[in-house]
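Enquirer:
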Amino acid sequence: MAIEPIKKLTILSPVQSNKRIMRAVSSLGAVDVTDAGDHLAVETGADYMRRKSSSTEDVDDVLRKIDTILNLLKSYAPEEQGFFQGLTPVPQLIDKEDLRYATESYDLEGRFRIANELDDTLRRNERTRTDIENRLASLMPLADIPFKMEDFRRPRRVDFIFGYIPRLNLPQLDRPSYPWRSIAWEIISGPEEKHDDSAMSETPRMVRNIKDAQRIIIACLKDDVEEVRDGLAQLSFVEIQLPGFSGTIEDHIKELREDSAQLTTAIGENIAKVRTFSPDRRALITLKAFWTAGKNERLAMAKTLGGKWVHILTGYIRERDTERLRSMFEKEFPESVVILEEPAPDENVPVSLTLPKVLRPLSLLVEMFGLPPYRSFDPTPYLHVNFYIFFGICFSDVGYGLMLIATSLYLIKRTKQYQGVADFGRILLMGGISTVIFGALLGSWFGDLYMEKYLGEDNFLMKVQATFSVLDPISKTIPALLIALFIGVMNQFFGISLKMYGSIRQGDWKNAFFDGFFWFLALPGLLIVASKLFVDTPQLVYRSGIALFGAGALGLILTQGRDLKNPVARILGGIVSLYGIMGSYGMTTFIGDVLSYCRLLALGLTTSIVGMTFNMLGGLLRDIPYVGIFLFII
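Quick look at the structure:
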């Protein structure tokens, strides 16, 4: 139940056996290989020892081919997964036959060629279809125009301008002034109410409103076209550029739709071909793991040093694995020398946690936030009580807890051979048990399902609820809030205790006393002094609080700036550290953290209120004849 002891490892071997040794070390799976040049004071550029060169280009090429096929399958033939598989993806277990088939029999090159052609074809067809869909979207608002597009381009001295203008501005086009006296215009009627918004995205909002705008076409001399456009702009006219192809827009739309349909058919046929690769998924995943391991082995080889006769490999190994390593080298590499040492205090040693089965699940949470330093301590055992109490209070409903327990038991049963996923299920199991306990204590059983209006008078669930209920947070919100704040205070003190414990483990009694003990004086004193604002605190208790706070604050002011050389700077540093601007902690940090525990009450209330809401909705359905009771249960 701690951080496992680690040994620093150095292996000296004949240079001709370096590849065999690297394969053996990799298969052992217990050595974290490090850069030998960083550990040993050698001149890597001279004739003594050189870093081993190891290229991964060929491996990267193989992995690229594997990823191409897997990504193609992921895009067009995703693996069907059940609810729990989607919730907690599990690793693939393989045996020797799977590995032999994948590495010796599977035709990766041939399958890659086919997959690559399919990928290129699908991408090209999808891009073309997208272009067609965009063109269709831009042409649909113009589909009812009966004219051929080349008719608009045929006149040599006349230009046509097509677009939308507010109806209120139409009379302005008939003014006798220039340039309006030299134009001709006509309303182009049609089913404007069906215009597609995407085609009009570049127009003002008023043009999209059919009641305010009218579609028209204007003819003018080419010499006057710029003046006409300037005048139209002042009338809020929005020009629509007509397409440059020949024929009618409707005929062109039909052609585009036919092309789109053909592409859709071709895409469907290619996707069907992609699905034929689905049986290859297991072999591909196996191959990817195999070649990834090979790549990692080569990268590890690049961290070693080699000379004319000697090869050097360095790393770290858990103390409990050292005997396996020694036995392997005595049997397979008797000519090699294995050196085990204690890591230096300033080394960045990898961390491995060892925990009993009952405590192991919560190590998932610790690893999410990063493993502790090697010379620190494993916080996992100290998180259990806090985590499950908070979990239970946040859900705090017997019904939710029972559902969590059932779900977690099923998950554990289905994934017990996968430690990480099964541990996640065990977290849910313990959280479900805590939820049941706090749900019973806070009187929430599927919300308020025990009420007479749902299950009748004097029902069994009501009796059970009354037996175990200690506090109703809905009717007694203030006491529940005070309990949440009390839990927050205790959790803050628990955190300070762990900080002191970590410092003492490292032999740093000074930090434990200055950064921990003084806060244990100041913070309780602060709470006692603050209580005077809310309750009638006895005078003796109040004076004791002042004394505690004064002693703790004085100690913090004198010690929190101890790293500063200037005496005045030390005092000022201590004052701002007491407030919380700098330093490891502060009063504002304490107050903010404690107040944040109000969320425990808020989340607990939310759970109950959501349950009550569902019961209310179900109660409304219960009176429906024949099927009401079934709808209520659902």
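In the numbering used here, the protein residues as written are 2 to 635. Ideal Cβ placement from N, Cα and C applies to all residues, glycine included.
How about residue 588 and residue 598: do their beta carbons lie closer than 8 angstroms?
Expert: Here residue 588 refers to the residue found at position 587 of the sequence shown. Here residue 598 refers to the residue found at position 597 of the sequence shown. No. Outside cutoff.
Enquirer: If you reduce the DSSP assignment to three classes, tell me which class residue 318 lands in.
Expert: Within the sequence shown, the letter at position 317 stands for residue 318. Correct three-state label for residue 318: strand.
Enquirer: How many Å lie between residue 242 and residue 165 at the Cα?
Expert: Within the sequence shown, the letter at position 241 stands for residue 242. Within the sequence shown, the letter at position 164 stands for residue 165. Going by the C-alpha atoms only, they are around 11 angstroms apart.
Enquirer: Return the residue from the list 436, 248 and 362 that minimises the CA-CA distance to residue 405.
Expert: Counting from one through the sequence shown, the residue named residue 405 turns up at place 404. Closest by alpha carbon: 436.
Enquirer: Based on the DSSP output, what are the partners of residue 599 in its beta bridges?
Expert: For the purposes of this step, residue 599 is identified with residue 598 of the sequence shown, where counting begins at 1. Per DSSP, none; premise fails for residue 599.
Enquirer: Which same chain residues, not among the five before or five after residue 270, have their C-beta less than 7 angstroms away from its C-beta?
Expert: Translated into positions along the sequence shown, residue 270 becomes position 269. Correct list: empty, nothing qualifies.
Enquirer: Sort out for me which residues DSSP pairs residue 161 with in a bridge.
Expert: Position 160 of the sequence shown holds residue 161. Partner(s): 220.
Enquirer: How should residue 455 be labelled, buried or exposed, when 16 other C-beta atoms within 10 angstroms of its C-beta is the threshold for buried?
Expert: By 1-based counting over the sequence shown, the position of residue 455 is 454. Counting Cβ neighbours within 10 Å, residue 455 comes out buried, since at least 16 surround it.
Enquirer: Quick one: any contact between the stretch 417-436 and the stretch 455-469, if contact means 3 or more CB pairs under 8 angstroms?
Expert: No, the stretch 417-436 does not touch the stretch 455-469.
Enquirer: How is the alpha helix (DSSP H) around residue 35 delimited, first residue to last?
Expert: The residue labelled residue 35 in the question sits at position 34 within the sequence shown. No alpha helix (DSSP H) contains residue 35, which is instead part of the beta strand (DSSP E) from 32-35.
Enquirer: Thinking C-beta only, is residue 16 closer than 8 angstroms to residue 433?
Expert: Here residue 433 corresponds to residue number 432 of the sequence shown, with the count starting at 1. Here residue 16 corresponds to residue number 15 of the sequence shown, with the count starting at 1. Against a cut-off of 8 angstroms, the Cβ pair of residue 16 and residue 433 comes out as no contact.
Enquirer: Quick check: the Cα distance between residue 7 and residue 339, rounded to an integer number of angstroms?
Expert: Position 6 of the sequence shown, counted from the start, is the residue given in the question as residue 7. Position 338 of the sequence shown, counted from the start, is the residue given in the question as residue 339. Looking at the two C-alpha atoms, the distance is approximately 15 angstroms.
Enquirer: By a C-beta neighbour count over all protein chains shown, 10 Å radius and 16 as the cutoff for buried, is residue 235 buried or exposed?
Expert: Reading the sequence shown from its first residue, position 234 is the one you call residue 235. Classification for residue 235: exposed.
Enquirer: Who pairs with residue 354 in a beta bridge, going by DSSP?
Expert: Here residue 354 refers to the residue found at position 353 of the sequence shown. Per DSSP, 4.
Enquirer: Could you check the C-alpha separation between residue 172 and residue 262 for me, to the nearest Å?
Expert: Here the question's residue 172 lines up with position 171 in the sequence shown. Here the question's residue 262 lines up with position 261 in the sequence shown. Distance between the alpha carbons of residue 172 and residue 262: 45 angstroms.
Enquirer: My output table needs one value for residue 360: the three-state DSSP class, helix, strand or coil.
Expert: Counting from one through the sequence shown, the residue named residue 360 turns up at place 359. Residue 360 falls in the coil class under three-state DSSP.
Enquirer: Going by alpha carbons, who is nearest to residue 152 out of 244, 102, 66 and 97?
Expert: On the sequence shown, residue 152 is found 151 positions in, with the first residue counted as 1. Comparing Cα positions, the closest option is 244.
Enquirer: Identify which residue in 174, 246, 247 and 228 has its Cα closest to the Cα of residue 215.
Expert: As a first step, residue 215 is located in the sequence shown; it is residue number 214 there, counting from the start. Ranking 174, 246, 247 and 228 by Cα distance to residue 215 puts 174 first.
Enquirer: Applying the criterion that 16 or more other CB atoms from any shown protein chain within 10 Å of the CB defines a buried residue, is residue 276 buried or exposed?
Expert: On the sequence shown, position 275 is the one that residue 276 refers to. Classification of residue 276: exposed, given that the 10 Å Cβ count is below 16.
Enquirer: For residue 644 versus residue 341, is the C-beta spacing smaller than 8 angstroms?
Expert: With the chain represented from 2 up to 635, any question about residue 644 goes unanswered, as that position is not in the structure.
Enquirer: Would the stretch 389-396 and the stretch 315-332 be scored as touching if the rule is three or more Cβ pairs under 8 angstroms?
Expert: Short answer: they don't touch.
Enquirer: Assign residue 616 to one of two classes, buried (16 or more other C-beta atoms within 10 Å of its C-beta) or exposed (fewer than that).
Expert: Working through the sequence shown from its first residue, we reach residue 616 at position 615. Buried, by the Cβ-count rule.
Enquirer: Helix, strand or coil for residue 187, going by three-state DSSP, please let me know.
Expert: Taking the first residue of the sequence shown as position 1, residue 187 is located at position 186. Reduced to three states, the DSSP call for residue 187 is strand.
Enquirer: Between the stretch 298-314 and the stretch 112-125, do three or more beta carbon pairs fall short of 8 angstroms?
Expert: Output reads no: the stretch 112-125 does not touch the stretch 298-314.
Enquirer: Please classify residue 188 as buried or exposed, where buried requires at least 16 other C-beta atoms within 10 Å of its C-beta.
Expert: Reading the sequence shown from its first residue, position 187 is the one you call residue 188. Classification of residue 188: exposed, given that the 10 Å Cβ count is below 16.
Enquirer: DSSP three-state label for residue 214, please.
Expert: Taking the sequence shown and counting its residues from 1, one reaches residue 214 at position 213. Note: residue 214 maps to strand in three-state DSSP.
Enquirer: For residue 343, I'd like the list of residues in its chain whose CB is within less than 8 angstroms of its CB, leaving aside the five on either flank, ordered along the chain.
Expert: Taking the sequence shown and counting its residues from 1, the one referred to as residue 343 is at position 342. These residues qualify, in order along the chain: 8 and 9.
Enquirer: For the candidate residues 506, 114, 465 and 52, whose alpha-carbon lies nearest to that of residue 309?
Expert: Within the sequence shown, numbered from 1, the residue matching residue 309 stands at position 308. For the residues 506, 114, 465 and 52, the minimum Cα distance to residue 309 belongs to 52.
Enquirer: Can you tell me where the alpha helix (DSSP H) holding residue 547 begins and where it ends?
Expert: Stepping through the sequence shown from its first residue, residue 547 is reached at position 546. Residue 547 -> alpha helix (DSSP H) spans 540-560.
Enquirer: Could you tell me the boundaries of the beta strand (DSSP E) in which residue 341 lies?
Expert: Along the sequence shown, one-based indexing puts residue 341 at 340. It spans 338-342 - the beta strand (DSSP E) in which residue 341 sits, taken as one unbroken run.
Enquirer: If residue 575 and residue 519 are in contact, beta carbons under 8 angstroms, what's the gap, nearest whole angstrom?
Expert: For the purposes of this step, residue 575 is taken as residue 574 along the sequence shown, with counting starting at 1. For the purposes of this step, residue 519 is taken as residue 518 along the sequence shown, with counting starting at 1. Not really, about 10 angstroms apart at Cβ, beyond 8 angstroms.
Enquirer: Measuring straight from C-alpha to C-alpha, what distance separates residue 608 and residue 431?
Expert: In the sequence shown, residue 608 corresponds to position 607, counting from 1. In the sequence shown, residue 431 corresponds to position 430, counting from 1. Spanning the two alpha carbons is a distance of roughly 18 angstroms.
Enquirer: If residue 313 sits next to residue 31, beta carbons under 8 angstroms apart, how far is it from one beta carbon to the other, in whole angstroms?
Expert: Within the sequence shown, numbered from 1, the residue matching residue 313 stands at position 312. Within the sequence shown, numbered from 1, the residue matching residue 31 stands at position 30. About 19 angstroms; that fails the 8 angstroms criterion.
Enquirer: Mapping the DSSP letters down to three states, classify residue 307 as helix, strand or coil.
Expert: By one-based count along the sequence shown, residue 307 stands at place 306. In the structure shown, residue 307 sits in a strand (DSSP, three-state: E or B).
Enquirer: Residues in its own chain within less than 7 angstroms of residue 279 by CB, not counting five upstream and five downstream?
Expert: Residue numbering aside, residue 279 sits at position 278 when the sequence shown is read from its first letter. The residues are 74 and 78.
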